[in-house]
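Chemist: Sharing a structure, written as structure tokens. Questions coming.
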Amino acid sequence: MSDQDPDTVLEVRDLRTFFRTDGHIVKAVDGVSFTVRRGETLGLVGESGSGKSVACLSALRLLPSPPAFHPSGQILSRGRELLTVNGRELQQLRGDRLAMIFQDPMTSLNPYLSVARQLTEVLEVHKGAPPAVARRTAIAMLERVGIPDAARRIDQHPHQFSGGMRQRVMIAMALLCEPEVLFADEPTTALDVTIQAQILELIAALQASLGTAVVLVTHDLGMVAGTADRVAVMYAGRIVEEGTTAEVFATPLHPYTRGLLASLPRIETPPGGRLEAIPGLPPDLGHLPAGCPFHPRCGLASDHCRQQRPPVVTVSPTHRAECFEVEVPR
Amino acid sequence: MTDPARPLVEVRDLVVNFPLPATRLFSRRRDEVQAVAGVSFSVRRGQTLGLVGESGCGKSTTGRAVLQLLRPSAGSVVFDGLPIHEWWVRRGGRWAWDARLHGLRKRMQLVFQDPFASLNPRMTVEAILTEPLRNFGLARGRERRERVQRLLETVGLDPRFMRRYPHEFSGGQRQRIGIARALALGPELIVADEPISALDVSIQAQILNLLVRLREDLSLTMIFIAHDLAAVRHVSDRIAVMYLGRIVEEADAREIVAAPRHPYTQALISAIPLPDPARERARNRIVLSGELPSSVNPPSGCPFHTRCPLREDRCIREAPPLAEIAPGHTVACHLVDRPSLPVSPA
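Here the protein sequences come in this chain order: A and B.
Read left to right, the first sequence gives residues 66 to 395 (my numbering).
Read left to right, the second sequence gives residues -15 to 330 (my numbering).
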């Protein structure tokens, strides 16, 4: 069992995150399990509403409850169960072991406080660092994430930084306590392509030097191909396929994964041709169809797909998918 | 008769300035920012030109100025031989379209990026689609309703949805409604401004397919504006890359991706993540240092010199002209004859 695996830094088991809204229950995350190992990058891929962001927010217990609640699930970080620890312990775990950066750095930095205040606070609370030490450490971290003239810029406010620089500040803040797992929720979606390349390179470099594991949440399969060791594809609150990046891209098992990969316009294919679009629309999480949630859009759907949840089919020690149609190699 | 060889759209030295907020109270002097700083291109009938670049490069402003949704500060926009940039009149201290420009709306239309913000939430789909018909006094009564039904079928929506409101539709369906509205008057030119970037990945292909099909079926001429180069390449015949209000390279869509010549185009292409782990890890990525300069205070000389890995003294002093380096391939770079960067674009 992975409890014994010293390299597992986070384990999520059968996590369910539901929201109570007027009249019905929205099943944003509906039975998700994954592990994160030291230093690796796990790509969590899905479209809006697939549950990828909610799964991360749940793992840090950042969702207000109500309306969110967890009918089942365990989130284990080095033997501690995050869903049941008290507030004080949770505060320690966040920042010390688990940290998160978000899509839009402007909404996650406090516009009223200087960057210095926001960074040193982390060190004073978590490490009990004296102010002068905290400031020195914060400046060193800003330099490390590539902010020029860090000793001066640390006293500026978030609005005085560009989008790319703000994301660097967020990364610096998240990594100050050298967490074991960094959740990066669409960290470059708000940035331009050339700045995106800079930020991804920065995360990879810091990961290599600090040994941080990264859970990269994104809708961009290209980004996952370049940075993730393993990929989990989410659809309608479930992980429908998981494998090493090479496995998922070379031999995708689930019809949804295959559909996503086939629908992308590629830089090498003849232009103007018809793209193999996935028909239909992503499902309404408040009214999920019976059986496999992908069946209304799936070309392979048969009667049992419409009635029963598909089984998890394992085709290699690292590669599995939830689908009736997957053939198990012998 | 119109000459089939003549471009439908000809843009020469287009400049668009925006006033900046006054720096001092009661100050009469207003500084300006040059969003588009002298752009020239032409689009032949039935062709699609892709405009790519990062935020703030002026691609959307260029698209709006072509349609005269913004008044060009200088330069010319000739549509089917007509100098439409001159068709503005001063009215009550402001610039407004003259009657000819109003009439021209039938022939050129815009598809917006955000299908949530660009449809009036208080109008039914039928009202949204009949409004342009009513404005131009086209079709009435049953005929008008039939036209709306046909429009919805054209964009792949069930005509029974006519009585519904925008909030009852998904993002992809709303974008179809936006496209139907743009098509209502039977335009020749469509400017599509980031038409897929607000949509989910699995829906983007549906909308790209729709645009490609409509272009063929209705022989539309298109200007497709986006930052996603793979999508732009998929729909475009030619691609122009913009940086700080200027076109830095323009060529055939396949050629510019396969053999980019401007250092910025090379960096842009190498920064696109490819959905292929083996190639993604093997390739040589150019990561540009620094950030996009502000167009309020653009750099001297070549606008790209502050981030260019090949920069020489001349680049800091003189702006390079857009020069033809091969038939149909233009580049604005002093160093285009030098051996290029070790880039493996795709």
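In this text, a Cβ means the ideal position worked out from N, Cα and C, and glycines have one as well.
In this text, all values refer to a predicted model and were calculated from it rather than measured experimentally.
If we count the other Cβ atoms within 10 Å of its Cβ and call it buried at 16 or more, is Thr259 (chain A) buried or exposed?
Modeler: It is buried - the Cβ of Thr259 (chain A) has at least 16 other Cβ atoms within 10 Å.
Chemist: Around the Cβ of Asp(-3) (chain B), are there at least 16 other Cβ atoms within 10 angstroms (buried) or fewer (exposed)?
Modeler: With fewer than 16 other Cβ atoms within 10 Å, it is exposed.
Chemist: I want to verify the contact list: residues of chain A whose CB lies under 7 Å from the CB of Leu192 (chain B), in sequence order.
Modeler: Under the 7 Å cutoff, chain A gives Pro330, Leu340.
Chemist: Closest Cβ-Cβ distance between Pro347 (chain A) and chain B: below 8 Å?
Modeler: By this cut-off, Pro347 (chain A) is an interface position.
Chemist: Using CA atoms only, rank isn't needed, just tell me which of B:Gly37, B:Arg128, B:Pro259 is closest to Asp177 (chain B).
Modeler: Closest by alpha carbon: B:Gly37.
Chemist: Among B:Arg28, B:Ala49, B:Arg126, B:Ile180, which one has its Cα closest to the Cα of Ala(-11) (chain B)?
Modeler: The candidate whose alpha carbon is nearest that of Ala(-11) (chain B) is B:Arg28.
Chemist: Once the 5 residues before and after Asp169 (chain A) are set aside, which same chain residues still bring their CB inside 6 Å of it?
Modeler: Taken in chain order, the residues that qualify are Ala255.
Chemist: Just the C-alpha distance for Gln52 (chain B) and His69 (chain B), rounded to the nearest angstrom, thanks.
Modeler: For Gln52 (chain B) and His69 (chain B), the distance between alpha carbons rounds to 7 Å.
Chemist: To be precise: take each residue of the segment 176 to 194 of chain A, compare its Cβ to all Cβ atoms of chain B, and keep it if any distance is under 9 Å. Which residues remain?
Modeler: Those residues of the segment 176 to 194 of chain A that come within reach of chain B (Cβ to Cβ, closer than 9 Å) do not exist; the list is empty.
Chemist: Using a C-beta to C-beta distance shorter than 7 Å, which residues of chain B count as neighbours of Phe258 (chain A)?
Modeler: The sequence given here places Val at residue 258 (chain A); Phe does not occur at that position. In chain order: Glu38, His211, Leu252, Ala255, Ile256.
Chemist: Leaving out the 5 sequence neighbours to the left and right, which residues in its chain are closer than 6 Å to Thr249 (chain B) when beta-carbon positions are compared?
Modeler: Cβ within range, chain order: Val225, Glu233.
Chemist: With the cut-off set at 8 Å, would you say Ile223 (chain B) and Ala242 (chain B) are in Cβ contact?
Modeler: For Ile223 (chain B) and Ala242 (chain B), no; Cβs fall outside 8 Å.
Chemist: Using three-state DSSP, classify Pro3 (chain B) as helix, strand or coil.
Modeler: It is a strand residue.
Chemist: Output needed for Gln188 (chain B): all residues of its chain with C-beta closer than 8 Å, excluding positions within five of it in sequence on either side, in chain order.
Modeler: Only Ile180, Ala215 meet the Cβ criterion.
Chemist: Decide if Gly88 (chain A) is buried, meaning its Cβ has at least 16 other Cβ atoms within 10 Å, or exposed.
Modeler: The residue in question, Gly88 (chain A), is exposed, as its Cβ has fewer than 16 Cβ neighbours within 10 Å.
Chemist: With burial defined as no fewer than 16 other Cβ atoms inside 10 Å of the residue's Cβ, what is the status of Phe134 (chain A): buried or exposed?
Modeler: It counts as exposed.
Chemist: Give me the chain B residues within the contact set of Phe84 (chain A), using Cβ-Cβ distance strictly less than 8 Å, ordered along the chain.
Modeler: Those do not exist, as Phe84 (chain A) stays about 20 Å from chain B at its closest Cβ, beyond 8 Å.
Chemist: Look up Leu141 (chain B) in the DSSP assignment and say whether it is helix, strand or coil.
Modeler: Coil, per DSSP.
Chemist: Quick one: is Met171 (chain A) near chain B, going by C-beta distance under 8 Å?
Modeler: No, Met171 (chain A) does not count as interfacial toward chain B.
Chemist: Quick one: complete beta strand (DSSP E) runs, 3+ long, within the segment 178 to 240 of chain A?
Modeler: Whole beta strand (DSSP E) segments, 3+ residues: zero.
Chemist: My output table needs one value for Gln156 (chain A): the three-state DSSP class, helix, strand or coil.
Modeler: Looking at Gln156 (chain A) - three-state DSSP - the assignment turns out to be helix.
Chemist: State the CB to CB distance for the pair Asp250 (chain A) and Phe359 (chain A), rounded to an integer number of angstroms; the pair is presumed to be in contact (CB under 8 Å).
Modeler: Their Cβ separation, rounded to whole angstroms, is 23 Å, which puts Asp250 (chain A) and Phe359 (chain A) out of contact at 8 Å.
Chemist: Start and end of the beta strand (DSSP E) containing His384 (chain A)?
Modeler: Looking at the DSSP string, the run of the beta strand (DSSP E) that includes His384 (chain A) is 384 to 387.
Chemist: Going by alpha carbons, who is nearest to Gly121 (chain B) out of B:Val185, B:Leu136, B:Leu169?
Modeler: Checked all of B:Val185, B:Leu136, B:Leu169; the closest Cα to Gly121 (chain B) is B:Leu169.
Chemist: Would you tell me roughly how many angstroms separate the C-alpha atoms of Val(-1) (chain B) and Ser39 (chain B), rounded to the nearest one?
Modeler: The alpha-carbon atoms of Val(-1) (chain B) and Ser39 (chain B) are separated by roughly 18 Å.
Chemist: So with Cβ pairs under 8 Å, would you call Val73 (chain B) a contact of chain E?
Modeler: Of the chains in the structure shown, none is chain E; the protein chains are A and B.
Chemist: On the three-state DSSP scale, how would you describe Phe314 (chain A)?
Modeler: Three-state result, Phe314 (chain A): helix.
Chemist: Just how far apart, CA to CA, sit Val77 (chain A) and Arg102 (chain A)?
Modeler: Cα to Cα, the separation comes out at about 12 Å.
Chemist: Which ranges does the beta strand (DSSP E) cover as unbroken runs of at least 3 residues, wholly within the segment 239 to 324 of chain A, from first to last along the chain?
Modeler: Correct list: 246 to 250, 278 to 283, 295 to 300, 303 to 309.
Chemist: Whose C-alpha, out of A:Pro347, A:Pro136, A:Val313, A:Ala124, is nearest the C-alpha of Arg145 (chain A)?
Modeler: That would be A:Ala124, whose Cα lies nearest to the Cα of Arg145 (chain A).
Chemist: For Arg371 (chain A), I'd like the list of residues in its chain whose CB is within less than 7 Å of its CB, leaving aside the five on either flank, ordered along the chain.
Modeler: For Arg371 (chain A), where only same-chain residues beyond five positions count, the Cβ hits under 7 Å are Ala355, Gly356, His360.
Chemist: Could one say the Cβ of Gly88 (chain A) lies closer than 8 Å to chain B's Cβ atoms, at least one of them?
Modeler: No - not a single Cβ of chain B is within 8 Å of the one on Gly88 (chain A).
Chemist: Counting pairs of Cβ atoms below 8 Å between the segment 106 to 116 of chain A and the segment 281 to 295 of chain A, do you hit three or more?
Modeler: Yes, the segment 106 to 116 of chain A is in contact with the segment 281 to 295 of chain A.
Chemist: Please look up how many angstroms separate the CB atoms of Val61 (chain B) and Val73 (chain B), rounded, as I've assumed it's under 8 Å.
Modeler: 16 Å between Cβ atoms; not a contact.
Chemist: So with CB distances below 8 Å, who are the chain B contacts of Thr310 (chain A)?
Modeler: Near Thr310 (chain A) (Cβ distances below 8 Å), the residues of chain B are Pro261.
Chemist: Are the C-beta atoms of His289 (chain B) and some chain A residue less than 8 Å apart?
Modeler: Not closer than 8 Å to any Cβ of chain A, the Cβ of His289 (chain B) fails to qualify, so no.
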